[in-house]
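There are 2 protein chains.
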Amino acid sequence: MHEQQRARAAQLLDEDGVDCALFSDIYSVRWLTGLNLPAPALLWFDRGRFTLLADEGFAPAASFGDNPDCAHASYINYTIQQPIDAPGRLAEVFGNLIASSGTPAGRVGIEEKSLLLSLWQTLHNTLPGYQPVSLEGRLLPLRAVKTQEELARIREGFRLVTIGHDAGRKAVRKGQREIDVWTEVQTAVEREAGMWMQMGNDCLVGHRPANIGAAPLDYEIYADDSLILDLSVVVDGYWTDSCATYFANQPTALQTELHKFVEEALAFAVSLIRPGVVAQDVDRQVRRYMADGGYEVYPHHSGHGIGLTSHEAPRIVPYSQEVLEEGHVVMLEPGIYVPGVTGVRLEDAFLVTADGAEQLSHHDKSLA
Amino acid sequence: MHEQQRARAAQLLDEDGVDCALFSDIYSVRWLTGLNLPAPALLWFDRGRFTLLADEGFAPAASFGDNPDCAHASYINYTIQQPIDAPGRLAEVFGNLIASSGTPAGRVGIEEKSLLLSLWQTLHNTLPGYQPVSLEGRLLPLRAVKTQEELARIREGFRLVTIGHDAGRKAVRKGQREIDVWTEVQTAVEREAGMWMQMGNDCLVGHRPANIGAAPLDYEIYADDSLILDLSVVVDGYWTDSCATYFANQPTALQTELHKFVEEALAFAVSLIRPGVVAQDVDRQVRRYMADGGYEVYPHHSGHGIGLTSHEAPRIVPYSQEVLEEGHVVMLEPGIYVPGVTGVRLEDAFLVTADGAEQLSHHDKSLA
Numbered sequence: 195m196h197e198q199q200r201a202r203a204a205q206l207l208d209e210d211g212v213d214c215a216l217f218s219d220i221y222s223v224r225w226l227t228g229l230n231l232p233a234p235a236l237l238w239f240d241r242g243r244f245t246l247l248a249d250e251g252f253a254p255a256a257s258f259g260d261n262p263d264c265a266h267a268s269y270i271n272y273t274i275q276q277p278i279d280a281p282g283r284l285a286e287v288f289g290n291l292i293a294s295s296g297t298p299a300g301r302v303g304i305e306e307k308s309l310l311l312s313l314w315q316t317l318h319n320t321l322p323g324y325q326p327v328s329l330e331g332r333l334l335p336l337r338a339v340k341t342q343e344e345l346a347r348i349r350e351g352f353r354l355v356t357i358g359h360d361a362g363r364k365a366v367r368k369g370q371r372e373i374d375v376w377t378e379v380q381t382a383v384e385r386e387a388g389m390w391m392q393m394g395n396d397c398l399v400g401h402r403p404a405n406i407g408a409a410p411l412d413y414e415i416y417a418d419d420s421l422i423l424d425l426s427v428v429v430d431g432y433w434t435d436s437c438a439t440y441f442a443n444q445p446t447a448l449q450t451e452l453h454k455f456v457e458e459a460l461a462f463a464v465s466l467i468r469p470g471v472v473a474q475d476v477d478r479q480v481r482r483y484m485a486d487g488g489y490e491v492y493p494h495h496s497g498h499g500i501g502l503t504s505h506e507a508p509r510i511v512p513y514s515q516e517v518l519e520e521g522h523v524v525m526l527e528p529g530i531y532v533p534g535v536t537g538v539r540l541e542d543a544f545l546v547t548a549d550g551a552e553q554l555s556h557h558d559k560s561l562a
Numbered sequence: 195m196h197e198q199q200r201a202r203a204a205q206l207l208d209e210d211g212v213d214c215a216l217f218s219d220i221y222s223v224r225w226l227t228g229l230n231l232p233a234p235a236l237l238w239f240d241r242g243r244f245t246l247l248a249d250e251g252f253a254p255a256a257s258f259g260d261n262p263d264c265a266h267a268s269y270i271n272y273t274i275q276q277p278i279d280a281p282g283r284l285a286e287v288f289g290n291l292i293a294s295s296g297t298p299a300g301r302v303g304i305e306e307k308s309l310l311l312s313l314w315q316t317l318h319n320t321l322p323g324y325q326p327v328s329l330e331g332r333l334l335p336l337r338a339v340k341t342q343e344e345l346a347r348i349r350e351g352f353r354l355v356t357i358g359h360d361a362g363r364k365a366v367r368k369g370q371r372e373i374d375v376w377t378e379v380q381t382a383v384e385r386e387a388g389m390w391m392q393m394g395n396d397c398l399v400g401h402r403p404a405n406i407g408a409a410p411l412d413y414e415i416y417a418d419d420s421l422i423l424d425l426s427v428v429v430d431g432y433w434t435d436s437c438a439t440y441f442a443n444q445p446t447a448l449q450t451e452l453h454k455f456v457e458e459a460l461a462f463a464v465s466l467i468r469p470g471v472v473a474q475d476v477d478r479q480v481r482r483y484m485a486d487g488g489y490e491v492y493p494h495h496s497g498h499g500i501g502l503t504s505h506e507a508p509r510i511v512p513y514s515q516e517v518l519e520e521g522h523v524v525m526l527e528p529g530i531y532v533p534g535v536t537g538v539r540l541e542d543a544f545l546v547t548a549d550g551a552e553q554l555s556h557h558d559k560s561l562a
């Protein structure tokens, strides 16, 4: 699993003249292994060889050593024989690994914004004289380009997203509460998946004073209310995202107007997606489309990449000079919000292809 | 909120001769503030004053500065104007805080197993010459003794636990799957709470080959099956825990026998709980009770404390020399497991009182 990811990372390290690297960001470790590992876990790269250090309670980690040029070591997390101390035991296993590998004290890549001081001390004490090289954020552009293995997980996630939205649409009725809608969505997804699923993001009625995004509470759905269901389902660590807006009754004239315009804005945004486009240009054009239509421009992103986290490269925001590439997966999500009255947001996911975009999300976003 | 916790910590720091301390363990920060803060967040103690550094998106943090001798500063996490970089922005805010406070470079307490290298570098660069003093794990014994504020959250959690168990007991029927039972439990709890709730732990049928603990999957409940529901509901960051065993049909003779014995073992364990008892002695006596009854002794803990995490001091395990104190909250959870056939575990929570124990969990654990 994830051989391509390791090959890309090894090439980056080679270009940087780095022989060894300690990946401590849990998302780096997941991306380089393909395993949805619990934290803390480390991946140590030493002259071409990747060694995973993981909680022995996470059974799938053991198979990592079966990959070419890969090895696996574990630390004891839960035990009734000693105090629970994952960082301490991980540091011990890591120290032993370096000490026994004859690792030279050269340039060592580190991710300093996720590396625990105690683990850094182990590196420092076991490999005195090494020269730290920051790898912070260096994998993000690589992570943005998805492989077929990753897309398979993401596609399965969108299959579940559709099931969740179908349940949500049915559950939106006057007198139900946001949390009632959410538990229907959650139940439908988890029954289909046959397991617990990490899910997000927003489930809120239009009559909330701040009605852009929020977790479901006990706000009741009014007779002419709208409800934004912004739904992510995470499959094996890979996020999806999606949004539709549902109505308790026949949509009002205002709701119909907003929904129609947001549909058009989303279609306009999609028409801009292809390799070579700069993210900030997409953002600027979609915002201008909203303003030209006479609507207040949403305060959030126009869209964003997804992968091991819910918001990652490329971000479709005003400052972003990221260039869309084939293999990127981007969300597009225009919305119009009338505080305390109603709000409409629609969101789809797209895989950037050689000549445009393939829609990955297939939930029903229709008006009624 | 949590003034008592800060007073206890300040006394500990005073005894250690520490003027300043950086709390980076998210559980330390939550315990010292009473806020269920998202990571990363820091609490900086400087000569009697506590300053919270938190994500500006977490609105309740702002009120922390209203407490005596407390202040609040925030960092920007989500924004469309700059890259998302919580650790980097937190380091910047932290560096500015120290630089502007005239903090002396004396003994500074740190929690090295949760401190990110980048934040430590900020401390190091802004306060050169300071002398680090490890506070790792020092708050754990203090955290074990609950205040009335904490008990109120824990009691609310146990009220929800009872609602979850009632739903679980009803849902256990031949042909339903573990995940179907779980979604009923989860829905009942979240509808009652009116919001998303963090929940755990085990929901598994007796006929699983490894039938002690696991998240629910699509294993079907057989005609003569048992199901262990080990349920935690987390309220404002505070964990509960509980276990009952349910049956698809009239319990078999074996199930009835095991259930009766586990009930007795739990009652025996409870009879041992009072201030001054050593945790390993409780553990040893309960294990001996199981063995004397002719049953294989469970491989897990006999019990454990709860609080901001699901397993904390005092651990009722073979090595633990922790002494029970008034104000501790401990779980007791004997079980008997026949792999692939059936398993029974019962678990209750107890507050250690001046002369014994008060039961905090009130779910129905009866046989039928």
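Protein chains in written order, with the working numbering: chain R, 195 to 562; chain Y, 195 to 562. Ideal Cβ positions, reconstructed from N, Cα and C, are used throughout, including at glycine. As the structure is a computational prediction, the values presented were derived from the model and not from experiment.
- Only GLU306, LYS307, SER308, LEU309, LEU310, LEU311, SER312, LEU313, TRP314, GLN315 from the region 306 to 322 of chain Y bring a Cβ to less than 9 Å from some Cβ of chain R.
- Under the criterion of beta carbons closer than 8 Å, ALA408(R) and ASP396(R) qualify as touching, at roughly 6 Å.
- Remark: fewer than three beta-carbon pairs, one from each stretch, lie closer than 8 Å, so the region 321 to 331 of chain Y and the region 541 to 549 of chain R are not flagged as touching.
- Its Cα nearest to that of PRO528(R), the residue ILE510(R) stands out among GLN515(R), LEU518(R), GLY534(R), ILE510(R).
- Counting every other CB atom within 10 Å of its CB across the protein chains shown gives ALA387(R) a total of 16 or more, marking it as buried.
- Excluding five sequence positions before and after VAL379(R), the CB atoms of its chain that fall closer than 6 Å to its own CB belong to GLY358, ALA361, GLY362, given in chain order.
- TRP238(Y) is positioned such that its CB atom lies closer than 8 Å to that of LEU291(Y).
- Residue range 264 to 269 is occupied by the beta strand (DSSP E) that includes HIS266(Y), with no alpha helix (DSSP H) assigned at that position.
- Shown here, ASN261(Y) sits in coil according to DSSP, grouped into three states, outside any helix or strand.
- Taking the C-beta atoms as reference points, HIS318(Y) is found no nearer than 8 Å to ILE274(R).
- Between ILE415(Y) and THR439(Y), the C-beta gap is not smaller than 8 Å, which leaves the two residues out of contact.
- Rounded to whole angstroms, the separation of the alpha carbons of LEU206(Y) and ASP430(R) is 43 Å.
- The C-beta of ALA404(R) has fewer than 16 other C-beta atoms within 10 Å across all chains shown, which makes the residue exposed.
- In the displayed model, ASN230(R) falls within coil according to three-state DSSP, outside both helix and strand.
- Judged by beta-carbon spacing, ARG337(Y) lies beyond the 8 Å limit of LEU231(Y), meaning their Cβ atoms are not closer than that value.
- According to the DSSP secondary-structure assignment, PRO326(R) is paired through a beta bridge with VAL302(R).
- If you draw a straight line from the Cα of ARG353(Y) to the Cα of VAL375(Y), it comes to about 19 Å.
- PHE455(R): member of the alpha helix (DSSP H) spanning 447 to 465, first to last residue.
- Taking the beta carbon of ILE406(Y) as reference, no residue of chain R falls within 7 Å; the closest one sits roughly 12 Å away.
- Annotation for TRP433(Y): SER426, ILE500, SER504 place their beta carbon closer than 6 Å to its own, counting only its chain and skipping 5 residues before and after.
- Residue environment for PRO262(Y): exposed (fewer than 16 other C-beta atoms within 10 angstroms of its C-beta).
- DSSP places PHE352(Y) within a helical segment (H, G or I) once states are collapsed to three.
- Sixteen is the threshold: when 16 or more other Cβ atoms of the shown chains lie within 10 Å of the Cβ of PRO281(R), as they do, the residue is buried.
- Close to LEU411(Y), with beta-carbon spacing below 7 Å, are these residues of chain R in chain order: GLY388, MET389.
- Near chain R, meaning a CB-to-CB distance below 9 Å, the residues of the region 357 to 381 of chain Y are ARG371, GLU372, ILE373, ASP374, TRP376, THR377, GLU378, GLN380, THR381.
- If you look at ASN319(R), you'll find it in the alpha helix (DSSP H) that goes 311 to 320.
- Among the residues facing chain R, GLU527(Y) is not included, as its CB has no counterpart in that chain under 8 Å away.
- At least one C-beta of chain R is nearer than 8 Å to the C-beta of GLY282(Y).
- Cβ-Cβ separation between GLY289(Y) and HIS401(Y): approximately 58 Å, too far for a contact (criterion under 8 Å).
- When DSSP assignments are scanned along the region 504 to 546 of chain Y, the uninterrupted stretches of beta strand (DSSP E) that are 3 or more residues long and fall wholly within it turn out to be 506 to 510, 523 to 526, 529 to 532, 536 to 539.
- Two segments are said to touch when three or more pairs of C-beta atoms, one from each, lie closer than 8 Å; by this definition the region 447 to 462 of chain R touches the region 538 to 545 of chain R.
- TYR272(R) sits exposed, since fewer than 16 C-beta atoms from the chains shown fall within 10 Å of its C-beta.
- Taking the beta carbon of PRO512(Y) as reference, the chain R residues within 8 Å of it are ILE274, GLN275, listed in sequence order.
- Here VAL339(R) has GLU519, GLU520, GLY521, HIS522 as same chain residues with Cβ atoms under 8 Å from its own Cβ, once five neighbours each way along the sequence are excluded.
- At a cut-off of 8 Å between beta-carbon atoms, ILE278(R) makes contact with chain Y.
- Of ALA543(Y), PHE244(Y), GLY242(Y), the smallest CA-CA separation from SER436(Y) is found for ALA543(Y).
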